[in-house]
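Just add 21 to wherever you are in the sequence shown, counting from 1, and you've got our numbering.
Cβ coordinates follow ideal geometry from the N, Cα and C atoms, glycine included.
Predicted, not measured: the structure shown is a model, and the values here were computed from it.
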Amino acid sequence: MNDIPLTTLFATLAGLLVLSAFFSGSETALMSINRYRLLHLAREGSRGARLARKLLEQPDRLIGLILLGNNFVNILASALTTLAFVRIAGEAGLLIGTATLTVTVLIFAEVAPKTLAAFHPERVALPASYVLYPLLRMTYPFVWVVNVLANGVLRLFGHRSGKTPDTAMSQDELRTVLLEGGGLIPDQHRRMLLNILALQEAYVEDIMVPRGEIIGIDLDDDPQTLRDNLARFPFSRAPVYHGSIDQVAGILHLRTLMDVPAGQITPALVEARARKVYFIPEGVPLPQQLLEFQRMKRRFAMVVDEYGEVIGMVTMADILEEIVGEFTTTPSQDSRHIHHEPDGTLLIDGRIAVHSLNRRLDWGLPTDDARTLSGLLVSHNEALPEPGAEFEIEGFRMRVERLGDNVIAQVRVWPPNPSVRED
């Protein structure tokens with residue numbers, strides 16, 4: 022070894038440092054690269070991305086390969102550095118060589134390549150995969166031995182090696198990605214995607230029209246009253262019933278009567294033209310109900326409780342509005358229930374659903390204990406409060422303004438941010 026020229030030793034050291042930097046940077050790049058971006062590139066035909074995904078399918082082998090290579094070149098570099106500096110400075114060369122190699126490896130083979138890889142993982146990981154993948158196949162027996170020994174040590178500490186951890190995003194993580202997307206996603210699209218995620222936590226009773234607010238056609242009315250009600254009906258579809266909404270006979274699409282002269286419209290004809298009622302139970306998640314509407318080819322459903330009594334009504338349009346917002350020129354029921362006052366407070370109908378209130382005003386009122394704002398205040402007070410009673414819930418100051426029919430009819434709310442406005 023003493024016959025090797027110093028220039029050859031230092032040239033070899035330089036090459037070993039380059040290899041060490043390659044292994045260090047590759048490790049950081051492959052472990053920090055965005056797996057979804059990698060999947061996209063692989064589907065676009067990038068061979069480097071496909072190789073990187075194969076390497077990451079078994080991270081223990083990848084790490085074993087990188088550490089095996091990195092430690093080998095670093096130990097060899099240490100031996101050659103000692104040899105070179107002892108020849109230059111004698112026994113003092115041990116200390117000088119150790120200090121020099123430590124600083125050199127730290128800067129040029131660790132910090133610099135890992136920092137570069139952390140900032141540009143894709144630019145480092147994909148080219149590196151062309152080298153690491155065949156290298157792993159060639160050195161697999163050595164890597165396998167290293168992994169067996171390492172896993173044996175880990176088992177002593179209670180760790181069992183298994184499948185690669187699931188890297189799929191949770192709903193909360195996906196929501197964070199959308200919120201932090203900045204200008205990458207148009208605001209309207211981001212809001213729709215966030216609404217879709219929020220849909221997973223909502224149920225039909227959160228958006229249904231309550232029983233007391235259902236507008237329908239009573240078939241027990243005399244024919245002239247029936248015709249007048251049909252002429253004034255504000256919607257395209259109407260539940261028709263006998264005396265009470267619990268005796269609902271069907272859902273009438275008003276256009277089915279367009280071929281009938283007004284004077285010939287009778288309760289029997291209306292009932293015959295009405296479509297069979299589609300009943301659904303309370304507690305159905307909105308995504309599931311949307312799919313059911315699609316499967317059943319229906320747009321209108323009556324919500325019933327466990328006793329079979331009608332408690333509300335929901336339409337496909339109601340669910341779609343939870344995603345895209347209002348798409349009609351007619352103000353929604355919720356809009357008519359919210360009034361902004363000049364002093365920054367809001368006068369809100371107590372019958373409005375808390376879920377709708379949260380969505381429309383971006384609030385965070387609890388939805389576990391009650392469906393409506395009135396129910397929320399009653400639950401909080403554990404009794405029906407008197408007018409003038411004030412509460413604070415989740416930072417929102419609320420005052421009961423008016424009662425009606427044993428419910429809170431109107432509430433004044435001081436939001437934490439007085440400048441809040443509807444979208």
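Secondary structure of residue i, DSSP reduced to three states
| i | result |
| --- | --- |
| residue 150 | helix |
| residue 437 | coil |
| residue 429 | strand |
| residue 238 | strand |
| residue 410 | coil |
| residue 323 | strand |
| residue 298 | coil |
| residue 66 | coil |
| residue 405 | coil |
| residue 360 | strand |
| residue 328 | coil |
| residue 288 | helix |
| residue 230 | strand |
| residue 386 | coil |
| residue 159 | helix |
| residue 213 | helix |
| residue 128 | helix |
| residue 134 | helix |
| residue 219 | helix |
| residue 172 | helix |
| residue 375 | helix |
| residue 139 | helix |
| residue 281 | coil |
| residue 391 | coil |
| residue 208 | helix |
Residue interval of the alpha helix (DSSP H) (run including residue i)
| i | result |
| --- | --- |
| residue 39 | 27 to 53 |
| residue 345 | 337 to 345 |
| residue 397 | 394 to 402 |
| residue 308 | 307 to 317 |
| residue 119 | 113 to 125 |
| residue 85 | 80 to 110 |
| residue 196 | 192 to 200 |
Identity of the residue in the options nearest residue i by Cα
| i | options | result |
| --- | --- | --- |
| residue 31 | 325, 330, 98 and 146 | 98 |
| residue 42 | 135, 389 and 235 | 135 |
| residue 122 | 37, 63 and 390 | 37 |
| residue 150 | 372, 434, 76 and 436 | 76 |
| residue 367 | 346, 393 and 436 | 436 |
| residue 57 | 74, 220, 427 and 49 | 74 |
| residue 428 | 250, 408 and 414 | 408 |
| residue 317 | 299, 326 and 306 | 299 |
| residue 305 | 361, 333 and 278 | 333 |
| residue 49 | 138, 235 and 179 | 138 |
| residue 141 | 52, 373, 432 and 378 | 52 |
| residue 314 | 341, 378 and 259 | 341 |
| residue 339 | 411, 227 and 78 | 227 |
| residue 372 | 177, 234, 256 and 337 | 234 |
| residue 411 | 375, 395 and 88 | 395 |
| residue 86 | 103, 164, 262 and 55 | 164 |
| residue 61 | 126, 223 and 143 | 143 |
| residue 245 | 146, 283 and 205 | 283 |
| residue 274 | 264, 346, 108 and 291 | 291 |
| residue 83 | 256, 337 and 168 | 168 |
| residue 255 | 241, 276 and 263 | 276 |
| residue 308 | 223, 197, 420 and 400 | 223 |
| residue 193 | 217, 206, 209 and 171 | 217 |
Any non-hydrogen atom of the ligand MG closer than 7 Å to residue i Cβ
| i | result |
| --- | --- |
| residue 201 | With respect to the ligand MG, the structure shown offers nothing to examine, as it has no ligands at all. |
Beta-bridge pairing of residue i - partner residues as DSSP gives them
| i | result |
| --- | --- |
| residue 418 | 413 and 435 |
| residue 144 | Residue 144 is not bridged to any residue. |
| residue 370 | 431 |
| residue 423 | 431 |
| residue 334 | 230 and 323 |
| residue 224 | 306 |
Problem - Runs of alpha helix (DSSP H) wholly within the stretch 248 to 273 (minimum 4 residues, chain order) - result: none
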